[in-house]
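In the numbering used here, the protein residues as written are 15 to 165. Built from N, CA and C at the ideal position, the CB exists for glycine as well. A short worksheet on the structure shown next.
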């Protein structure tokens, strides 16, 4: 997962998505972010927004790590969805594959995941500000977003 996160900042569409989120938030509009488990791409974007408005990285990482609190419920829900797709007992290989994909390592998050994404931003763009500018997000837009989110 660390390698996956390392690629998030430079993936096709990542900056465009961030631009859209920041623009909507700066305009006082609500934003619904989601991905399969609601923790990886969503966690990355939310972490960038929080850092852009000035929250401390330690606070951001602590919030991100709270995603781990939901892993048991997420695992149960996904297992239930898989079981519902089959009328009979799951084949042993399906059970093995499912257990591997529903491990804490896959469903959980770790601080080093966000750190890997942030390292890519620093190495490629020099800073979060450089990343935001490259995404077409002005400081004025960031300031408006900060005002909306922090009052």
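Below 8 Å, enough C-beta pairs join the segment 17 to 24 and the segment 47 to 58 to call them touching: three or more. The DSSP assignment places no complete beta strand (DSSP E) segment of no fewer than 3 residues inside the segment 76 to 115. By the criterion of a C-beta distance shorter than 7 Å, residue 75 is surrounded in its chain by 125 and 128, once the five residues flanking it on both sides are discounted. A direct Cα-to-Cα measurement between residue 83 and residue 89 gives close to 11 Å.
For residue 80 and residue 123, the gap between their C-alpha atoms comes out near 9 Å.
When only Cα atoms are considered, residue 103 and residue 96 end up about 11 Å apart.
Under the 10 Å beta carbon count, residue 91 is surrounded by fewer than 16 other beta carbons and is classified as exposed. In the three-state scheme derived from DSSP, where H, G and I count as helix and E and B as strand, residue 74 is classed as helix. Within its own chain, the residues whose Cβ lies closer than 7 Å to the Cβ of residue 53, once the five positions on either side in sequence are excluded, are 81 and 123, listed in chain order. Membership of residue 157 in the alpha helix (DSSP H) is indicated by the continuous run 153 to 164. A distance of 9 Å or more separates the beta carbons of residue 67 and residue 32. Contact between residue 40 and residue 155 holds, since their C-beta atoms are separated by about 5 Å, short of 8 Å.
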